[in-house]
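Residue numbers (the numbering used here): -16 to 550. Just so you know, even glycine gets a beta-carbon here, dropped at the ideal spot from N, CA and C. Just so it is clear, the structure is predicted and the values come from calculations on it, not from any experiment. Only one structure is covered here, and it is reproduced in the block below.
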């Protein structure tokens, strides 16, 4: 464990990437099935700094400290009291810009109701009071962020568990200055398709790149007045996992629990295992269930092959709601046997990840997973056979991609020549281009990967069709690869320079992915645009959690990341 070297007043900034689950959808929920997850250049940032410049004179005997959480993009701000005894947060205020909108609506509503001859003054005030009360409670409830809240609690608990008495004294002095935590997400985590179309702009990456970094997300209350959701849909990159990981990393470094200062793109992971454990714990508790954890693992470690941890490892964290002290929970988790498996993986050279947003609306992953699980229970024999074949196909694709990476190392000239040729040809023409013996093995590996991808998609479609569930006398199928997506993917797989195309993760109507060869990406994005598909700026970046040098808004980190050159 490192010494506590934090200097009061210093700002700590950490970032974590979003993900694309290329293989392993559904299977990754159960050990020992594996999945290949790619980390991306889309990043969430967490900025941690003291809330006050110095410790207040009367705060030495205080049992509480202040925590302020802000999200400028969502116009959210929450103020908490953090107990220095049990390390739990208590929200004392939570607001957002919508507050002003709510009050304006109430005033307009009063005029509308007052014009009705059927409503007297007393009834008028009752209507206004009821609407105002429910609307303001809605804003307060939805403006809180459970993922950041749990990240704070478990990161501080980890410091208490790992520090000796002297370090705990220093820790309390740091905490008594209060914590100001700000979270910012790259535009790539959100869909701005509607805004682009509303402005009459073409559906191109250039239109996305023209948006300001960390573009604000407006809100719109639903008609029933019960929910307040962002108008901008998500793109399925795992924003909650990336955000949780970034907050945990920034806090652990800020408090001196880990040292991420030597973590760079050229060096191996340093102290990131602690970040992984705390982030997995906080994320699972915040979402109310123990998921597979591949999204958090990717946010911490970057691109890799992943096998989930045993869910029992977090049973003590789930017991935290039973009034077990958080320090005891954290100590148990840190001592537990984390049996997840992680194998290094990244795309072979000269291959690029593309994501396309078809504009057909997102899908509910939890409901789709629930449908598949019900199918497994109702027809275990067929489900088991489908899962076995899908697992074998996933492994086969991974093997083919690893073979291609090895071929690039062994004979770069032959490998590069084949990639250049294939990037300009439709797949059915690839094998005809063989001119040298050293090239044939590369061509066969490329075609083998394509064939395997078709097999994976077929098994995923079969799973979706079999997992259809009746709702209100209407059969709604669990469309893992809906017909509209099938048509788009088939068209994409037939384009020049496209190796693979599929629906990532649980599938549905979210963004599709493609793996392209060489410089063919620009032609694919143009073809997608003609099909009413918006190509996103997301690319693979195999690096995980990182310590940044400053505020990304002033350093314009996102501008550099998002302004991907489309050649």
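(request) Only counting runs of 4 or more residues, tell me where the alpha helix (DSSP H) segments fall wholly within the stretch 176 to 206, in order along the chain. (result) 176 to 181, 188 to 192
(request) State the start and end residues of the unbroken beta strand (DSSP E) segment that holds residue 340. (result) Its beta strand (DSSP E) spans residues 334 to 340.
(message) Quick check on residue 162: buried or exposed, where buried means 16 or more other Cβ atoms within 10 Å of its Cβ?
(response) Burial is judged here by how many other beta carbons sit within 10 angstroms of a residue's own beta carbon; residue 162 has at least 16 and is buried.
(request) Can you give me the Cβ contacts of residue 533 inside the same chain, cut-off strictly under 7 Å, excluding the 5 residues immediately before and after it? (result) -4
(request) Please classify residue 59: is it buried, with 16 or more other beta-carbons within 10 angstroms of its beta-carbon, or exposed? (result) buried
(message) With H, G and I counted as helix, E and B as strand and the rest as coil, what does DSSP make of residue 515?
(response) coil
(request) Determine the burial state of residue 514: buried for a count of at least 16 other Cβ atoms within 10 Å of its Cβ, exposed for fewer. (result) exposed
(request) Please state if the CB of residue 338 and the CB of residue 519 are separated by a distance shorter than 7 Å. (result) yes
(message) The beta strand (DSSP E) that contains residue 326, what's its start and end?
(response) 324 to 327
(request) Give me the Cα-Cα distance between residue 377 and residue 325, rounded to the nearest whole angstrom. (result) 16 Å
(message) In the DSSP output, what is residue 218 paired with across the bridge?
(response) In the DSSP secondary-structure assignment, residue 218 is not bridged to any residue.
(request) Tell me where the beta strand (DSSP E) around residue 49 begins and ends. (result) 47 to 54
(message) Buried or exposed for residue 493, going by 16 or more other Cβ atoms inside 10 Å?
(response) buried
(message) DSSP three-state label for residue 243, please.
(response) coil
(request) State the Cα-Cα distance for the pair residue 551 and residue 289, rounded to the nearest angstrom. (result) The question about residue 551 has no answer, for the chain in this structure spans -16 to 550.
(message) Using the Cβ count rule (16 or more neighbours within 10 Å means buried), how would you classify residue 524?
(response) Under this definition residue 524 is a buried residue.
(message) Can you give me the C-alpha to C-alpha distance between residue 164 and residue 31, rounded to a whole angstrom?
(response) Straight-line spacing of the CA atoms in residue 164 and residue 31 works out to 5 Å.
(message) Three Cβ pairs or more, each shorter than 8 Å: is that satisfied between the stretch 429 to 445 and the stretch 383 to 397?
(response) Between the stretch 429 to 445 and the stretch 383 to 397, the count of Cβ pairs shorter than 8 Å is three or higher; the stretches touch.
(request) Using 10 angstroms around the beta-carbon of residue 133, count the other beta-carbons present and answer buried if the total reaches 16, otherwise exposed. (result) buried
(message) Let me confirm a value: residue 530 is counted as buried when at least 16 other C-beta atoms fall within 10 Å, else exposed. Which label applies?
(response) buried
(request) Provide the residue(s) that pair with residue 160 in DSSP beta bridges, ordered along the chain. (result) Looking at the DSSP assignment, residue 160 forms no beta bridge with any residue, so it has no partner.
(message) Using 8 Å as the cut-off, can you tell me whether the stretch 220 to 239 makes contact with the stretch 265 to 283, which would need three or more C-beta pairs spanning the two stretches below that distance?
(response) yes
(message) Here's the rule I'm using: 16 or more other beta-carbon atoms within 10 Å means buried, otherwise exposed. How should residue 189 be labelled?
(response) exposed
(message) Please tell me whether residue 238 and residue 314 are closer than 7 Å, where the distance is taken between their beta carbons.
(response) In this structure, residue 314 does not lie closer than 7 Å to residue 238 by Cβ.
(message) Can you find the residues in the same chain that come closer than 6 Å, C-beta to C-beta, to residue 342, ignoring five residues on each side of it along the sequence?
(response) 176
(message) Based on DSSP bridge pairs, tell me the residues matched to residue 74.
(response) 63
(request) Spatial neighbours of residue 65 within its chain, please: CB distance less than 6 Å, with the 5 preceding and 5 following residues excluded, ordered by chain position. (result) 48, 50, 72
(request) Work out the CA separation of residue 158 and residue 446 for me, nearest whole Å. (result) 50 Å
(request) Kindly indicate which residue of 400, 422, 7, 334 has the alpha-carbon position closest to the one of residue 379. (result) 7
(request) Look at the alpha carbon of residue 34 and the alpha carbon of residue 154, and state the distance between them as a whole number of angstroms. (result) Each residue's Cα considered, the two are about 15 Å apart.
(request) Look at the alpha carbon of residue 182 and the alpha carbon of residue 194, and state the distance between them as a whole number of angstroms. (result) 12 Å
(request) Determine the direct distance from the alpha carbon of residue 254 to that of residue 241, and round the result to whole angstroms. (result) 6 Å
(message) Contact defined as beta carbons within less than 8 Å: I believe residue 309 pairs with residue 136. What is the distance between those atoms, to the nearest angstrom?
(response) Right, the Cβ-Cβ distance comes to about 6 Å (below 8 Å), so this counts as a contact.
(request) Report yes or no: do three or more beta-carbon pairs, one from the stretch 14 to 31 and one from the stretch 501 to 508, lie closer than 8 Å? (result) no
(message) For the structure I just gave you, are there three or more beta carbon pairs, one from the stretch 402 to 410 and one from the stretch 462 to 478, closer than 8 Å?
(response) yes
(message) Let's see if you can read the secondary structure: which residues bound the beta strand (DSSP E) around residue 27?
(response) 17 to 33
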